[in-house]
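Engineer:
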Amino acid sequence: MKWNKFALLFLLLMTTLCFSQATDEDAAIKERLYQKFKKEVLAYTHKDFDELFFSFVERTGKDPLLTKEEYYTFTCKIAAYSERLGKLYKSERETAEKSKQEWLAKSYQDYVNSRKTKP
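Per the working numbering, the sequence shown starts with residue 32, numbered consecutively.
1) Under 7 Å Cβ to Cβ from ALA110, same chain only, skipping five residues before and after it: list those, please.
2) If you run the structure through DSSP and keep just helix, strand and coil, what is GLY92?
3) Pull up the distance between the alpha-carbon of ASP75 and that of SER122, whole angstroms please.
4) Specify the secondary structure class of LEU83 as computed by DSSP and reduced to three states.
5) Going by beta carbon distance, what residues of the same chain come within less than 7 Å of THR91, once the five residues before and after it are set aside?
6) Taking GLU82 as the reference, give the member of GLU128, LYS108 and LYS147 with the closest Cα.
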């Protein structure tokens, strides 16, 4: 019984360490890009945002694959725009924050993997 608890704890610890190491590099890139583009995006009009969003959708569906930097530039800009909307529309603050977190949580590896499975 004692051995099973130790093995479970060890497995949990190793899984946590592996996951955190895999995302640290991406987290640093996301933070850098978010800070870099945050002020620029605050000045976006709705038309600017539409162009950004549709460009993201178009580019993620075509070859060649976006680079990690390009992919996270899109997602960070969209997240920053979500934050902007939350500041402009107080009643939508919670929804905007959730949207921002969802865009920042996007993973380049998930994007690459999704493209590998397409014919």
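All C-beta atoms in this analysis are idealised placements derived from N, C-alpha and C, irrespective of residue type, glycine included.
Structural biologist: Well, looking at it:
1) Closer than 7 Å at the Cβ level, and outside the excluded window around ALA110, lie TYR65, LYS131, TRP134 and LEU135.
2) Here GLY92 sits in coil by DSSP.
3) Just to set this straight, residue 75 is Tyr in the shown sequence, not Asp. Between TYR75 and SER122, the C-alpha separation is close to 20 Å.
4) The answer is helix: DSSP assigns LEU83 an H, G or I state.
5) Within its own chain, the residues whose Cβ lies closer than 7 Å to the Cβ of THR91, once the five positions on either side in sequence are excluded, are LEU97 and TYR142, listed in chain order.
6) Nearest C-alpha to GLU82: LYS108.
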